[in-house]
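Engineer: Residue numbering for the sequence shown is 112 to 190, as defined by the working numbering.
Once you've had a glance at the structure underneath, I'll fire off some questions.
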Amino acid sequence: NTWSTVEKTTSAGWGWTIPEPQDRIDFIFYKSPLLEPINSYTYQGRDVVWPKPYHWHNDYPSDHFAVVTKFTISRDVNK
Numbered sequence: 112n113t114w115s116t117v118e119k120t121t122s123a124g125w126g127w128t129i130p131e132p133q134d135r136i137d138f139i140f141y142k143s144p145l146l147e148p149i150n151s152y153t154y155q156g157r158d159v160v161w162p163k164p165y166h167w168h169n170d171y172p173s174d175h176f177a178v179v180t181k182f183t184i185s186r187d188v189n190k
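So this is what it looks like as structure tokens:
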């Protein structure tokens, strides 16, 4: 789940009264037989994540967390 806790309710058109589902999933796409994913994680900064309207204090001020993936690169070009 990459939906940040910054945005807890729906947009202003709904008067900020309806809870926003915290269910977004982002992806990293890759296409190469030379790449193999080792691990993935979400990044939201090192500090406490503040909700709106204080989100500008956040280390990572977005409504989505970043997805980070570490790959190994094969030297076998015949793959």
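All C-beta atoms, glycine included, are put in the ideal place defined by N, C-alpha and C.
1. Measuring only the C-alpha atoms, how far is Ser143 from Thr183?
2. Is His166 near Asp137, with beta carbons less than 8 Å apart?
3. Please report the distance separating the alpha-carbon of Arg186 from that of Val159.
4. Smallest Cα separation from Phe140: which of Pro164, Trp161, Lys181?
5. Which same chain residues end up closer than 7 Å to Val179 when comparing Cβ atoms and leaving out the 5 residues on each side of it in sequence?
6. Along the chain, where does the beta strand (DSSP E) containing Val179 start, and where does it finish?
Structural biologist: This is what the structure gives:
1. Position 32 of the sequence shown, counted from the start, is the residue given in the question as residue 143. Position 72 of the sequence shown, counted from the start, is the residue given in the question as residue 183. Roughly 11 Å separates the two Cα atoms.
2. The residue given as residue 166 occupies position 55 in the sequence shown. The residue given as residue 137 occupies position 26 in the sequence shown. No, the pair does not count as a contact, with Cβ atoms beyond the cut-off.
3. Here residue 186 refers to the residue found at position 75 when the sequence shown is read from its first residue. Here residue 159 refers to the residue found at position 48 when the sequence shown is read from its first residue. Rounded to the nearest angstrom, the two C-alpha atoms are 40 Å apart.
4. Sequence index remark: in the sequence shown, residue 140 carries index 29 (1-based). Residue Lys181 is the option with its Cα nearest to Phe140.
5. On the sequence shown, residue 179 is found 68 positions in, with the first residue counted as 1. Cβ within range, chain order: Ser151, Tyr152, Tyr154.
6. Residue numbering aside, residue 179 sits at position 68 when the sequence shown is read from its first letter. Note, Val179: beta strand (DSSP E), 177-184.
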